[in-house]
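K.L.:
Just so we're aligned, residue 876 is where the sequence shown starts under my numbering, counting upward by one.
Below: one structure in structure tokens.
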Amino acid sequence: MGGKLILAIESSCDETSAAVLLGTKVLSNEVYTQLQHAQYGGVVPEIASRAHQTMITAVVHAALKTAGKELRDLEVIAVTQGPGLMGSLLVGISFAKSLSLALEIPIVGVNHMQAHILAHLADDCENKPSFPFLNLTVSGGHTQLVVVHSPSRMEVVGETIDDAAGEAFDKAAKVLGLDYPGGPLLDKMSQNGDAKKFTFPIPKVEGLNFSFSGLKTSLLYFLRDSQKENSNFIEEERANLCASFQHTVVTYLLRQIQRGLTSTQSNQIAICGGVSANSELRKQLVEYGRKNEVEVFIPPFKYCTDNAAMIGIAAHFLLLENQVSDLKMVPLSRFPL
Ligand code: KG4
Ligand code: ZN
């Protein structure tokens, strides 16, 4: 598919990213992950916006260089408009506005959550879902089941009533003594653990919504009681605890996916967002698809966590519908689908 030459910028949280795309063909996708937050056990907004400010020019130059393009070649600037951290979004948006003004090319503000879903339509994704399809977005800030009717029409049919799935992984990892962000470390640690060693209660929420706070509390209470008997409990059982917790979260996600597919009468499930990088989720979902004749779409790792390529893809589809922003565009810390 053809399309315009797009420079996309993502700065909603703790990744400074820039990508160059020709329509949905990704020519480059540079991601700078801010490691400064690890020592604080979570993203510090003030540090994030300063780090974006420091890195954004270099990241954009790197994206242009990798793509073999120059600023004057660009036809469109795409940028994450929200949801995200206000100070972080402001850096990307101000930079994008300046480029749009200087190069006299249009600017397109993109919804980050829509972009996570549309990453499935990148040219280099082997299989692409066809509309309409069901999508599970699982990131650090969101857990949503979405019916994707078209690139611009998405309907949330279920979402978390408290923590997001990524938050649940990060919080569990923290109490289990892993660094931040804990999700990927917990995943890695689980590979040497027995997922059946401990059982945690599957959250009980009606319909297609999610809840993770009870699960987190039950892990906390279990650890507190077990440590009373053995003060080295976490150290000795860390891998088994990680694997068992991960197994519970993934089993729960799968159950809600199954409910979602039944209630929306869909036979296509796509996943996206940082937690879609989780190896157990990927494995169980593929197995589930095979057993139930459901088509499963899992993005390559590079499109799971925050990246600018997905912002460019979303912009491509917005452009097809003439949805262009202007220089009055403002960041939206909340931006419903
Ligand atoms: O989509 P994302 O990069 O940023 C947001 O928009 O939130 O998601 C980040 C979240 C973090 O909570 C991180 O711990 C989690 O995704 N995550 C994982 C894995 N990789 C990233 N959680 C579990 N297993 C993983 N392999
Ligand atoms: Zn994200």
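Glycine included, every Cβ here is placed at the ideal spot set by N, Cα and C.
All of these numbers come straight from a predicted model, not from anything done at the bench.
Whose C-alpha, out of A953, H1122 and A1040, is nearest the C-alpha of A1190?
P.N.:
Numbered from 1 along the sequence shown, position 315 holds the residue referred to as residue 1190. Distance from the Cα of A1190 is smallest, within the candidate group A953, H1122 and A1040, for A953.
K.L.:
By how many angstroms is the C-alpha of I922 removed from the C-alpha of S1025?
P.N.:
The residue you call residue 1025 lines up with position 150 of the sequence shown. The residue you call residue 922 lines up with position 47 of the sequence shown. Each residue's Cα considered, the two are about 37 Å apart.
K.L.:
DSSP on I881, reduced to helix/strand/coil?
P.N.:
Position 6 of the sequence shown holds residue 881. I881: strand per DSSP, three-state reduction.
K.L.:
Using 7 Å as the cut-off, classify the Cβ of S886 as near or not near the heavy atoms of the ligand ZN, replying yes or no.
P.N.:
Along the sequence shown, one-based indexing puts residue 886 at 11. No.
K.L.:
Nearest by alpha-carbon distance to V918: which of D1054, L946 and L880 is it?
P.N.:
The sequence position of residue 918 within the sequence shown is 43, counting from 1. Checking every option, the nearest Cα to that of V918 belongs to D1054.
K.L.:
L1094 by DSSP, collapsed to three states: which one?
P.N.:
Against the sequence shown, residue 1094 aligns to sequence position 219. Three-state result, L1094: helix.
K.L.:
If we require 4 or more residues per run, which alpha helix (DSSP H) segments fall completely within the region 882-966?
P.N.:
920-942
K.L.:
To the nearest angstrom, report how far apart F1085 and T1018 are at their CA atoms.
P.N.:
Here residue 1085 refers to the residue found at position 210 when the sequence shown is read from its first residue. Here residue 1018 refers to the residue found at position 143 when the sequence shown is read from its first residue. Using only the alpha carbons, I get a separation of about 7 Å.
K.L.:
Any heavy atom of the ligand ZN inside 7 Å of the beta-carbon of D1038?
P.N.:
Working through the sequence shown from its first residue, we reach residue 1038 at position 163. Checking every heavy atom of the ligand ZN against the Cβ of D1038, none is found closer than 7 Å.
K.L.:
Grab the span of the alpha helix (DSSP H) containing E1162 for me, first residue to last.
P.N.:
In the sequence shown, counting from the first residue as 1, residue 1162 sits at position 287. Its alpha helix (DSSP H) spans residues S1154 to N1167.
K.L.:
Counting only the same chain and skipping the five closest in sequence on each side, list residues whose C-beta sits under 7 Å from that of I1173.
P.N.:
As a first step, residue 1173 must be located in the sequence shown, where it is residue number 298. Closer than 7 Å at Cβ, skipping near neighbours: I1146, S1151, R1157 and L1160.
K.L.:
Regarding G1082 and the ligand MG, is the C-beta to nearest heavy atom distance less than 7 Å?
P.N.:
Because the ligand MG does not appear in the structure shown, any question about it cannot be addressed here, the ligands present being the ligand KG4 and the ligand ZN.
K.L.:
Using 7 Å as the cut-off, classify the Cβ of D948 as near or not near the heavy atoms of the ligand ZN, replying yes or no.
P.N.:
On the sequence shown, residue 948 is found 73 positions in, with the first residue counted as 1. No.
K.L.:
Compare the beta carbon distance of L993 and E950 with 8 Å and say whether it is the shorter of the two.
P.N.:
Residue 993 sits at position 118 when you count from the first residue of the sequence shown. Residue 950 sits at position 75 when you count from the first residue of the sequence shown. Not a contact, by the Cβ cut-off of 8 Å.
K.L.:
Mind checking Q1121: buried by the 16 CB within 10 Å criterion, or exposed?
P.N.:
Position 246 of the sequence shown, counted from the first residue, corresponds to residue 1121. The residue is buried, with at least 16 neighbouring Cβ atoms inside 10 Å.
K.L.:
Can you pull every residue whose C-beta falls closer than 5 Å to some heavy atom of the ligand ZN, listed in chain order?
P.N.:
Those residues, listed in chain order, are S1014 and D1181.
K.L.:
Compute the minimum distance between the beta carbon of A1152 and the heavy atoms of the ligand KG4, and state whether it is under 7 Å.
P.N.:
Position 277 of the sequence shown, counting from 1, holds the residue named residue 1152. At least one heavy atom of the ligand KG4 is nearer than 7 Å to the Cβ of A1152, so yes.
K.L.:
For K1177, which residues of its own chain have a beta-carbon under 7 Å away from its beta-carbon, when the five flanking residues on both sides are left out?
P.N.:
What you label residue 1177 is simply residue 302 of the sequence shown in a count that begins at 1. Result list for K1177: N904, in chain order.
K.L.:
My output table needs one value for E1030: the three-state DSSP class, helix, strand or coil.
P.N.:
By 1-based counting over the sequence shown, the position of residue 1030 is 155. E1030: strand per DSSP, three-state reduction.
K.L.:
Could you tell me which whole alpha helix (DSSP H) segments of length 4 or greater appear in the region 1028-1095?
P.N.:
1040-1050 and 1057-1065
K.L.:
Any chance the CB of D1062 is under 7 Å from a heavy atom of the ligand KG4?
P.N.:
Here residue 1062 corresponds to residue number 187 of the sequence shown, with the count starting at 1. Within the cutoff, so yes.
K.L.:
Whose C-beta lies closer than 7 Å to the C-beta of S1101 among residues of the same chain, with five residues either side of it excluded?
P.N.:
The count along the sequence shown starts at 1 and reaches residue 1101 at position 226. F1108, listed in sequence order.
K.L.:
Going by DSSP in three states, V1205 sits in which element: helix, strand or coil?
P.N.:
Start at 1 with the first residue of the sequence shown, and residue 1205 comes out as number 330. For V1205, the three-state secondary structure derived from DSSP is coil.
K.L.:
Could you tell me the alpha carbon to alpha carbon distance between H912 and K1046, rounded to whole angstroms?
P.N.:
Indexing the sequence shown from 1 puts residue 912 at position 37. Indexing the sequence shown from 1 puts residue 1046 at position 171. Spanning the two alpha carbons is a distance of roughly 15 Å.
K.L.:
Taking Cβ to Cβ, would you say G1135 is nearer than 8 Å to L1009?
P.N.:
The residue given as residue 1135 occupies position 260 in the sequence shown. The residue given as residue 1009 occupies position 134 in the sequence shown. The answer is yes: Cβ separation under 8 Å.
K.L.:
Short check: CB of V1199 to CB of V983, under 8 Å?
P.N.:
Start at 1 with the first residue of the sequence shown, and residue 1199 comes out as number 324. Start at 1 with the first residue of the sequence shown, and residue 983 comes out as number 108. Cβ atoms of V1199 and V983: closer than 8 Å.
K.L.:
Mapping the DSSP letters down to three states, classify L1009 as helix, strand or coil.
P.N.:
Working through the sequence shown from its first residue, we reach residue 1009 at position 134. Here L1009 sits in strand by DSSP.
K.L.:
Output yes or no for whether 8 Å exceeds the beta carbon distance between H987 and S892.
P.N.:
Counting from 1 along the sequence shown, the entry for residue 987 is found at position 112. Counting from 1 along the sequence shown, the entry for residue 892 is found at position 17. No, the pair does not count as a contact, with Cβ atoms beyond the cut-off.
K.L.:
Between G962 and the ligand KG4, is the CB less than 7 Å from at least one heavy atom?
P.N.:
Translated into positions along the sequence shown, residue 962 becomes position 87. Answer for G962: no, Cβ out of range of the ligand KG4.
K.L.:
Going by the CB atoms, is the gap between Q909 and A1215 shorter than 8 Å?
P.N.:
The question about residue 1215 has no answer, for the chain in this structure spans 876 to 1212.
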